[in-house]
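In terms of the working numbering, the sequence shown has 344 at position 334, counting the first letter as 1, and numbering is strictly consecutive. Let me begin by presenting the structure, written as structure tokens, before commenting on it.
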Amino acid sequence: MLSVKSCNDILKEAPYLDDAGRELIKRAYLFAEKAHTTHTRYSGEPYFVHPAQVGFSLAHVGMDAHTIAAGLLHDTIEDADVTPSDMAKEFGPEVLDLVEGVTKLGSLRYQGLERHAESLRKLFAATAKDIRVLIVKLMDRLHNAQTLAHVPEQKRKRIALETLDIYAPIADRLGMSVVKSELEDAAFPYALPEQYKRVRDLLKERGSETEQRLEKTEKGLKRALAQTGIRDFRTESRKKGFYSLFRKLERKEWDITKIHDIIALRVIVHTIAECYTVLGIVHGEWRPVPGKIKDYIAFPKPNGYQSIHTTIYTGDGGTLEIQVRSEAMHREAQFGIAAHFSYKEATGHHGKAVGKGIDWVRQLMPEVGMDTKAPKSARDMSAPQWVKELAEVREISSDSEEYLEDIKTDFFTHRVFVFTPKGDVIDLPIAATPIDFAYAIHSDIGNHIAGAKVNAKMVSLDTELHNGDIVEIITKKSSRPNKKWLDMAKTTMAKKHIRTALIQQR
Ligand code: MN
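Here it is as structure tokens:
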């Protein structure tokens, strides 16, 4: 963890910002530093170390200036007696909304299961307005988790468990895998100390052997790629996080020899075509382990993750996982939803993701200065439907535990979020098609589908939609639903409308 020493450290992370944005951040930095002068952290350090670090992390993942400013200011209302009206005067309504959202989340405490479910709902209720609030909160929690060593013991365990149970799954759902594993590994030793030690000891026994294997394979691979004419690539190693290794060990009866991805070798290239070329070269050089090839480029994970994974026999009796991806996929895999806010790519040489990024930005950022008292429908596009569903008031019966499981399994893994060309978000089940999308917008559009475009390309109506796709439905007055559509539709709503239309046609 790099410690922030000046505002420049933050600005350096965000070269994509314009002058106004940089100015806003500088003012927020000085304002917060001054507001917190009399406070200290548990560690004895000046309190401002914390918000400065949060601002830095937000810049690092590529957030916009308002969000970075809100990160710097996020504790000033609660802990430094700054009033909301002062903040609005100094930094405008957008920053105030973000800070108030984060403050609201901060008042939630993890206290056993009943409260836990309740808190989760509030968490999402507060977030439904603006997903950036959640990203600030994740970075806030990340720094708090990374400094747990200084926190009093009883409090420490609660924060650690809460981090594992609530924050890490949210980071995962937003595709922010780096943040997810940093959260997990900061909290794991305090949340589950016995299990942590067991994992650490197991790993000690196997550590050096795997490192050597990695080095040897990396050399061989670089040579093989160079010989085939692929020169513009980079490699890096990825160590599986302790907590994620723990979860896997639990599934494999604690047999570490059954885990093949403790360390993985990553190859990062520029185009999708190069990804497949690299896979071919890898398999030409080493024998792949059967059944271990996963093409997440053709079939992305629900949170949008893309890469090719394969495991090879390294020739010394061991195996090694190799992951191949493009730069754009790499960025997305690390920072997920935050990568879509990023203006970094706009100035980079991989301009392809820019269009998509802007659409997400438009989607996820409410208009600056928009009247928050405007009719709800006018601002309703600021969060995916699943977030709003969580926020809806719902009776807690005796099955809080079940509710919690629902949240973990259903909402976090079984939905895809796609967009209309205007940027409205439509929330659909996994494997949904343009037909589901059309009926989700309006039954009239569904009933007259003539074709569909996904990301500006014509596709067939049974095409599976993925997170972030922009879907456009082409309608014709003369088009009518047919029986085949029933098989292509995944939502009950679409099926119902198609059935009704088929009956009427007869
Ligand atoms: Mn904080």
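All C-beta atoms in this analysis are idealised placements derived from N, C-alpha and C, irrespective of residue type, glycine included.
Arginine 51 carries a coil assignment under DSSP once its states are collapsed to helix, strand and coil. In this structure, the ligand MN has a non-hydrogen atom nearer than 8 angstroms to the beta-carbon of valine 64. Using a cutoff of 8 angstroms, the CB of asparagine 492 does not count as near the ligand MN, since none of the ligand's heavy atoms is closer than that. With a cutoff of 8 angstroms, aspartate 150 counts as near the ligand MN, since its C-beta is closer than that to a heavy atom of the ligand.
Beta-bridge partners of serine 247 (DSSP): Leu275. For isoleucine 332, the three-state secondary structure derived from DSSP is strand. Taking a C-beta distance under 9 angstroms as the contact criterion, tyrosine 52 and threonine 157 qualify as a contact pair. Note on glutamine 63: 16 or more other CB atoms within 10 angstroms of its CB, so buried under the neighbour-count rule. In this structure, proline 61 has its beta carbon less than 8 angstroms from a heavy atom of the ligand MN. For threonine 320, no alpha helix (DSSP H) segment is defined; the enclosing uninterrupted segment is the beta strand (DSSP E) at 318 to 323. In the three-state reduction of the DSSP assignment, proline 61 falls in the helix class. Residue pairing for methionine 73: DSSP places it in no beta bridge.
DSSP places methionine 186 in the coil class of the three-state scheme, outside both helix and strand. Within 8 angstroms of the C-beta of aspartate 91 there is not a single heavy atom belonging to the ligand MN. Of the heavy atoms belonging to the ligand MN, at least one sits nearer than 8 angstroms to the Cβ of histidine 153. Annotation for aspartate 85 indicates a beta carbon within 8 angstroms of some heavy atom of the ligand MN. Proline 94 sits close to glutamate 110, with the two beta carbons spaced by under 9 angstroms.
For alanine 511, the enclosing alpha helix (DSSP H) begins and ends at 502 to 515.
In this structure, the beta-carbon distance from threonine 485 to isoleucine 508 does not fall below 9 angstroms.
Pairing lysine 249 with lysine 258 gives a Cβ-Cβ distance that is not under 9 angstroms. Between alanine 45 and isoleucine 78, the beta carbon gap of about 17 angstroms keeps them out of contact (Cβ cut-off 8 angstroms). For the set Lys214, Gly239 and Thr245, the Cα lying nearest the Cα of threonine 227 is the one of Thr245. Judged by DSSP secondary structure, threonine 86 falls within the alpha helix (DSSP H) whose first and last residues are 86 to 89. Rounded to whole angstroms, the Cβ separation of leucine 330 and arginine 223 is 6 angstroms, and the two are in contact under 8 angstroms. Comparing alpha carbon positions, the residue from Ala442, Leu212 and Ser187 closest to aspartate 479 is Ala442. Valine 469 has Ala462 as its beta-bridge partners, per DSSP.
In this structure, the straight-line span from the alpha carbon of asparagine 492 to that of proline 444 is close to 15 angstroms.
Nearest neighbour of asparagine 457 by Cα position, chosen from Ala511, Ile307 and Gly31, turns out to be Ala511.
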